[in-house]
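One point on numbering: in our numbering, the residue at position 112 of the sequence shown is 112, and numbering is uninterrupted.
For each residue, glycine too, the CB sits at the ideal point set by N, CA and C.
Data block below; observations after.
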Amino acid sequence: MSDSRRFPAQPLLGVSILCHRGDRVLLVRRGKQPFLGHWSLPGGLVELGETLRAAAERELLEETGVTAHLEGPVDVVDLIERGADGRIDAHFVLAVYTGPHSAGEPRAGDDADATAFVALDDLDALQTTPGTPARIRRLLGAG
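Below, the structure is given as C-alpha cells:
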C-alpha cells in the first residue's frame, strides 16, 4: 500500500459497486493491498474533480470490463483497519452504488487479479473483505 494510503492523515473517499446479473453479483479478487487476495465489490478512489457517479462508472469498467445501470449512492461504508499496535493503517469512506449489469463480460483489470459473477449462495465460501457478504445480501434484499 502506498504511503499516502497507509497511516493516513484523513479518510480517503472511494466508491464501491454492486453489479448484479440474475442471482449473481460481480466480485473482484484484490491484486494489491489492502486485502490482497480477498474478494470484494469492485471500486476505488475518487479522483480530483470527479463526481461519485463518474468514479463508480470508471472503476467498474477499469476493474471488470463491464458496465451497469447504476443507482445511488445506496449506502455509505466506513472501512477502518487498525494494526496490532492500534494505530489506524487505513481509513476509507466508500459510497456504494448498485445496478444491473448492462454490457461486457468480466475480465480482470487495474488492481484486480480476477473477476467473476458469483451466486449469492457461494459468497460465504469465499475469503472476502470484511462485511461484504452481509452488505450484498442486505442491499439486494436477500437476507
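Cβ-Cβ distances below 7 Å link S40 to L27, V28, R30, T128, T129, T132 in the same chain, with the five nearest sequence neighbours on each side left out; the list follows chain order. Uninterrupted beta strand (DSSP E) stretches at least 3 residues long and entirely within the segment 79 to 128 occur at 88 to 103, 112 to 119, given in chain order. Per DSSP, the unbroken alpha helix (DSSP H) holding L61 starts and ends at 52 to 64. If you ignore the 5 residues before and after D78, its C-beta comes within less than 7 Å of the C-beta of V93, all in its own chain and listed in chain order. For L139, there is no enclosing beta strand (DSSP E); the residue is found in the alpha helix (DSSP H) stretching over 132 to 139. Pairing I17 with L60, the inter-Cα distance amounts to about 7 Å. Secondary structure note for V46: it is in no beta strand (DSSP E), with a DSSP letter that is neither H nor E.
Within the same chain, and ignoring the five residues on either side of P100 in sequence, the residues whose Cβ sits closer than 8 Å to its Cβ are C19, H20, R21, A68, H69. A direct Cα-to-Cα measurement between S102 and A116 gives close to 15 Å.
Assigned with DSSP and collapsed to three states, A142 falls in coil, not helix or strand.
Taking C-beta separations shorter than 8 Å and ignoring five residues to either side along the sequence, the partners of R107 in its chain run T64, G65, T115, following chain order. Counting along the chain, L27 sits inside the beta strand (DSSP E) bounded by residues 24 to 30. By the neighbour-count criterion, in which a residue is buried when 16 or more other Cβ atoms sit within 10 angstroms of its Cβ, I80 is exposed.
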